[in-house]
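Chemist:
In the working numbering, the protein residues as written are 41 to 499.
(1) Are three or more beta carbon pairs between the stretch 385 to 394 and the stretch 309 to 320 nearer than 8 Å?
(2) Residue range of the beta strand (DSSP E) that residue 150 falls in?
(3) In terms of alpha-carbon separation, which member of 217, 275, 160 lies closest to residue 332?
(4) Given residue 397, which residues of its chain have a CB within under 8 Å of its CB, disregarding the five upstream and five downstream residues?
(5) Taking all protein chains shown into account, do 16 or more other C-beta atoms lie within 10 angstroms of the C-beta of residue 218, making it buried, or fewer, making it exposed?
(6) Sort 334, 161, 156, 165 by Cα distance to residue 190 and report the nearest one.
(7) Run through DSSP, which three-state label would residue 113 get?
(8) Relative to the C-alpha of residue 94, which residue among 83, 82, 107 is closest?
(9) Contact check, residue 411 vs residue 321 under 8 Å by CB: the rounded distance?
(10) Enumerate in chain order the residues of its own chain whose CB-to-CB distance from residue 187 is below 7 Å, with the five nearest sequence positions on each side excluded.
(11) Would you call the CB atoms of residue 400 and residue 427 closer than 8 Å?
(12) Can you name the residues that DSSP bridges to residue 232?
(13) Do you know offhand how far residue 76's Cα is from residue 118's?
(14) Is residue 105 buried or exposed, if buried means 16 or more other CB atoms sit within 10 Å of its CB?
(15) May I have the straight-line CA-CA distance separating residue 66 from residue 123, to the nearest angstrom?
(16) CB residue 263 to CB residue 234, shorter than 8 Å?
(17) Between the C-alpha atoms of residue 248 and residue 294, what's the straight-line distance to the nearest angstrom?
(18) For residue 78 and residue 373, what's the separation of their Cα atoms in angstroms?
(19) Under a three-way DSSP split, which group does residue 468 fall into?
(20) Should residue 335 and residue 280 be called a contact, given that it needs their Cβ atoms to be closer than 8 Å?
(21) Could you give the first and the last residue of the continuous beta strand (DSSP E) run that contains residue 278?
(22) Among 116, 408, 370, 329, which has the Cα closest to the Cα of residue 484?
(23) Looking at C-alpha atoms only, which residue of 343, 375, 254, 353 is the closest neighbour of residue 301?
(24) How is the alpha helix (DSSP H) around residue 265 delimited, first residue to last?
(25) Ends of the beta strand (DSSP E) at residue 360?
(26) Whose C-beta lies closer than 6 Å to the C-beta of residue 344 among residues of the same chain, with five residues either side of it excluded?
(27) Using the Cβ count rule (16 or more neighbours within 10 Å means buried), how would you classify residue 429?
(28) Suppose the cutoff is 7 Å on Cβ atoms and the five residues either side in sequence are ignored; what does the same chain contact list for residue 201 look like?
(29) Compute the beta-carbon to beta-carbon distance between residue 265 and residue 198, rounded to the nearest angstrom, for a pair I have assumed lies under 8 Å.
(30) In three-state DSSP terms, what is residue 403?
(31) Using 7 Å as the cut-off, classify the Cβ of residue 167 as near or not near the heavy atoms of the ligand SAM, replying yes or no.
(32) Below 8 Å between beta carbons: does that hold for residue 282 and residue 120?
(33) Would you kindly report the start and end of the unbroken beta strand (DSSP E) that includes residue 331?
(34) Reducing DSSP to helix, strand and coil, say where residue 160 ends up.
(35) Measure the alpha-carbon distance for residue 207 versus residue 182 and round it to whole angstroms.
(36) Whose CA, out of 477, 381, 472, lies closest to the CA of residue 113?
Here is the structure:
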């Protein structure tokens with residue numbers, strides 16, 4: 041039976057829920073079936089548990105703490121992405137979407153009670169320390185994290201810039217756990233980086249989707265055009281590898297940059313306001329130049345929206361490995377001025393109606409996880425026909441010296457400076473393959489154009 045002092049709690053709770061129901065029904069989509077009555081037996085269990093904690097728990101706990109913990113438990117029982125945001129967590133969330141925050145620079149989730157690394161963020165302590173997507177963190181500063189709330193683990197990892205933190209990690213393919221020490225820093229994330237790989241072919245990386253990502257993207261494309269001697273690009277590599285996602289509207293704006301029209305993404309949920317559709321309106325800034333999108337298992341959420349939309353519209357070739365598979369939308373619902381809940385309210389779908397949830401985007405071209413290594417140059421070149429004594433000359437023959445000079449000119453002047461900073465196309469297998477694919481598509485496009493011109497001239 042209830043203790044007298046808690047009987048009023050149950051009655052007040054039941055009354056409050058009863059008063060809230062008509063308002064919820066009036067503002068939401070009409071339910072397909074009649075709502076079930078309040079489970080009074082479960083409410084009794086709740087108040088009994090509340091009473092036992094208050095009277096019998098080894099330490100005295102105030103009512104506010106118990107109720108906060110009840111909300112946390114209620115949220116964590118839904119799915120890995122729904123959670124209660126207390127004052128600190130809510131503040132961290134707002135800082136993260138604006139692009140500047142303190143910590144390690146790591147996107148995490150939960151798996152089997154451990155913290156799973158979705159992706160390290162570019163140019164952060166986590167990336168520099170070698171943290172990899174798929175790593176499982178089981179200790180933070182020797183404190184076990186088994187079944188710890190995700191927000192609680194975030195608090196442990198964040199701290200004053202310059203302070204050290206030790207992460208104990210289980211990594212697939214290693215014989216024993218790894219202990220990695222990192223130094224916290226103020227994370228200032230520029231989500232877009234770009235450069236010319238060589239004349240007419242550009243590389244553009246988006247590390248996360250923030251409120252300013254689309255603006256940064258357009259600025260980067262303008263600079264690429266200027267660096268390419270104000271000549272239109274013949275191909276673009278869009279790198280979304282290890283991009284954990286971010287703001288939905290930001291990913292929509294990125295896709296809109298490369299499409300003339302058509303549906304980009306739509307969402308469906310129980311509430312009417314969770315059903316949204318986003319379509320292209322701005323026009324393709326590349327004017328149809330081919331795009332290769334690089335993805336991997338660390339590409340999640342908003343990254344999958346971009347890859348899925350460009351794939352469905354056949355606007356880009358997706359290359360790499362299967363993506364993470366987070367196809368759900370989270371809505372931040374403030375409870376007070378300083379607290380909120382992050383609630384999964386919908387699933388998103390690609391233009392063709394595919395749900396990515398727990399499936400991910402399957403690339404058009406799958407790549408093995410390998411690294412390139414240049415073969416040792418022994419300074420000897422194989423003998424060719426032109427080296428044989430008395431060989432027949434080609435009518436339009438050019439000297440090998442001239443050929444070498446002309447091929448050297450094909451490398452854009454900016455590439456000399458860029459190679460000092462980032463020579464990854466020489467060792468990055470996926471990037472190397474993407475560039476070769478763009479060149480092949482360009483050659484094929486030029487040949488088809490010439491072929492069609494010849495046909496027209498015959499009429």
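For each residue, glycine too, the CB sits at the ideal point set by N, CA and C.
Modeler: Result, derived from the coordinates:
(1) Segments in contact, yes.
(2) Element bounds for residue 150: 146 to 151.
(3) 275
(4) 365, 366, 367, 368, 387
(5) exposed
(6) 156
(7) helix
(8) 107
(9) Actually they are not in contact, since the Cβ atoms of residue 411 and residue 321 sit about 41 Å apart, beyond 8 Å.
(10) 153
(11) no
(12) 246
(13) 19 Å
(14) exposed
(15) Residue placement at residue 66 is poorly supported in this model, since its pLDDT is 32, which falls under 50; the coordinates still yield a value, given next. Using only the alpha carbons, I get a separation of about 26 Å.
(16) yes
(17) 12 Å
(18) 24 Å
(19) strand
(20) yes
(21) 275 to 279
(22) 329
(23) 353
(24) According to the DSSP assignment, residue 265 belongs to the alpha helix (DSSP H) that extends over 253 to 267.
(25) Residue 360: member of the beta strand (DSSP E) spanning 356 to 360, first to last residue.
(26) 363, 396, 401
(27) Counting Cβ neighbours within 10 Å, residue 429 comes out exposed, since fewer than 16 surround it.
(28) In chain order, 142, 224, 225, 226 place their CB closer than 7 Å to the CB of residue 201, counting only its own chain and leaving out the 5 sequence neighbours on each side.
(29) The pair is not a contact, with the Cβ atoms about 39 Å apart (cut-off 8 Å).
(30) Coil.
(31) Absence of the ligand SAM is noted for the structure shown, with no ligands found whatsoever.
(32) In this structure, residue 120 does not lie closer than 8 Å to residue 282 by Cβ.
(33) 331 to 335
(34) Note: residue 160 maps to strand in three-state DSSP.
(35) Whole-angstrom Cα-Cα distance: 8 Å.
(36) 381
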